[in-house]
Amino acid sequence: MFLCQWKLDDRILSITVDNATYNDAMISCLKRRLVPRGGLSCGETLFHVRCCAHIINLIVQKGLTCISGISDKIRSFIKLIIKSSHRSEEFYDCAEKIFHLDVKRKLNLDMHVRWNSTYKMLGTSLYFKDVFLHLRSSHASFQSYIPLEDEWEKVSVIHNFLELFYEVTCIFSAVNYPTSNVYFKDAWMVHRHLLEAEKGPYDYLKEMVKPMLEKFDKYWSDYNLYLSCAAILNPRYKVKFVEYCFSKLYGSVEASRRINLVLGTMKSMFEDYKLQYASSSPIVVAPSPPSTFGARNYFNDYDHFVGTSARS
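Heads up, the sequence shown is in full-length UniProt numbering, so the first residue is 1 and it goes up one at a time.
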């Protein structure tokens, strides 16, 4: 087995994979081989980690099915435009001369398997919305391809809603710095974002969020364990930050139970490593990922929470 050949069979904490069925089978096979020989720290508790960016993709794709009719219209119209030089010239001339838009921005055609490309397609379509509506009124052949005014409002609300998912995906997909220590915060923000939308004023957004929450619960119901451990080891977060996040979602009693579970897991992990390694490894400080959430502050009462809990 390659793990034995490379002398990795006693050095594995976790493996991150996407949500393919064959990966589940592979994980089960590895567990059967590694657990009996003590090759996994904390047994198998933290072994199987699902790719966070892939889960975001599954969650958003599930939600986008609720507006598939509108996105199909936009997609079909963009195809009409970009496949004809005459129509493309007419479109951008109208955008520049009538609506004074920046024609350096171009219409984007998405790929069905990549939700972030659909997000970008909706964004550029909203930018050129007035051009869409103008051509709809002047070309009878375009009318079946271009959304109506109330449909555009729906697209705008949903595009704004998806902004957080796009930002989180960009952070999860980073390659120039480690990202394990930020997963908990961003997964928690996605969770809270979904819960707030579920209670929001838009019925169509509530319908969209319902299957997204089901996907979230299916794949990330236990995100608070393995992601919490990494967050606690981040000196900017530590235990108080994780406790704060849990209390916002579950209340103080359930938050306390979950924190105790996380700390128990970390203590068990520490004891495992204590037995395995007599000397500590050098500490390497890596750069932190940039924050892109300035406009969406979910943590404005965090300092108050820390101060209050410190006095109690």
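By construction, the Cβ of each residue, glycine as well, lies at the ideal position given by its N, Cα and C atoms.
Sub-7 Å separation of residue i and residue j beta-carbons
| i | j | result |
| --- | --- | --- |
| Thr16 | Val60 | no |
| Tyr145 | Ser76 | yes |
| Phe246 | Arg258 | yes |
| Leu122 | Val155 | yes |
| Ile78 | Leu109 | yes |
| Ile55 | Tyr302 | no |
| Phe299 | Ala231 | no |
| Leu194 | Leu213 | yes |
| Asn57 | Trp115 | yes |
| Val209 | Glu196 | no |
| Tyr99 | Asp130 | Going by the sequence as given, residue 99 is Phe instead of Tyr. In contact: Phe99 and Asp130 (Cβ atoms closer than 7 Å). |
| Phe47 | Ser85 | no |
Same chain only: Cβ atoms within 7 Å of residue i, ignoring 5 sequence neighbours per side
| i | result |
| --- | --- |
| Ser88 | Ile81, Ile82 |
| Met266 | Cys229, Ile232 |
| Tyr92 | Val103 |
| Pro147 | Ile70, Lys73, Ile74, Val155 |
| Ala255 | Glu243, Phe246, Ser247 |
| Thr21 | none |
DSSP beta-bridge partners of residue i
| i | result |
| --- | --- |
| Arg105 | According to DSSP, Arg105 bridges with nothing at all. |
| Val17 | Arg50 |
| Arg114 | Met111 |
Cβ-heavy atom distance, residue i to the ligand ADP, below 6 Å
| i | result |
| --- | --- |
| Asp203 | Annotation note on the ligand ADP: not contained in the displayed structure, which lists no ligands. |
Sequence-distant residues of the same chain with beta carbon closer than 6 Å to residue i, five excluded per side
| i | result |
| --- | --- |
| Lys240 | Val306 |
| residue 315 | Nothing about residue 315 can be reported from this structure: the residues present for the chain run from 1 to 312 only. |
| Gly63 | Met208, Met212 |
| Lys215 | Leu58, Ile59, Lys62 |
| Asn23 | Val17 |
| Leu164 | His193 |
| Phe132 | Ile146 |
| Met26 | none |
| Asn234 | Asn181 |
Selection from the options that minimises the alpha carbon distance to residue i
| i | options | result |
| --- | --- | --- |
| Asn181 | Tyr298, Phe47, Cys52, Val253 | Cys52 |
| Ser71 | Thr124, Asn23, Phe91, Ile55 | Thr124 |
| Asn260 | Glu243, Leu205, His134 | Glu243 |
| Leu205 | Lys274, Leu162, Leu135 | Leu162 |
| Ile67 | Met189, Ala187, Ile158 | Ile158 |
| Ile74 | Ile27, Asp24, Gln143 | Gln143 |
| Asn160 | Tyr202, Glu271, Ala174 | Tyr202 |
| Phe128 | Ser137, Arg105, Ser138 | Arg105 |
| Arg136 | Glu90, Asn234, Trp6 | Glu90 |
| Thr308 | His134, Ser252, Phe270, Arg32 | Ser252 |
| Leu263 | Leu275, Lys274, Lys238 | Lys238 |
| Trp188 | Leu30, Ser221, Lys31 | Ser221 |
| Val113 | Leu107, Ser138, Thr21, Thr65 | Thr65 |
| Cys4 | Ser141, Leu30, Asp217 | Leu30 |
| Val190 | His304, Asp217, Tyr177 | Asp217 |
Contact set for residue i: own chain, Cβ-Cβ below 8 Å, skip 5 residues either direction
| i | result |
| --- | --- |
| Arg192 | Lys248, Leu249, Tyr298 |
| Tyr166 | Asn116, Tyr119 |
| His134 | Cys94, Ile98, Phe99 |
| Gly200 | Lys206 |
What are the uninterrupted segments assigned as beta strand (DSSP E) that are 3 or more residues long and contained completely in the segment 121–201, given in chain order?
none
Starting from the N-terminal side, write out each stretch of the alpha helix (DSSP H) that is 4 residues or longer and does not extend beyond the segment 228–277.
238–250, 252–276
Just to confirm the assignment: which complete alpha helix (DSSP H) runs, minimum length 4, are found wholly within the segment 59–109?
68–82, 85–97
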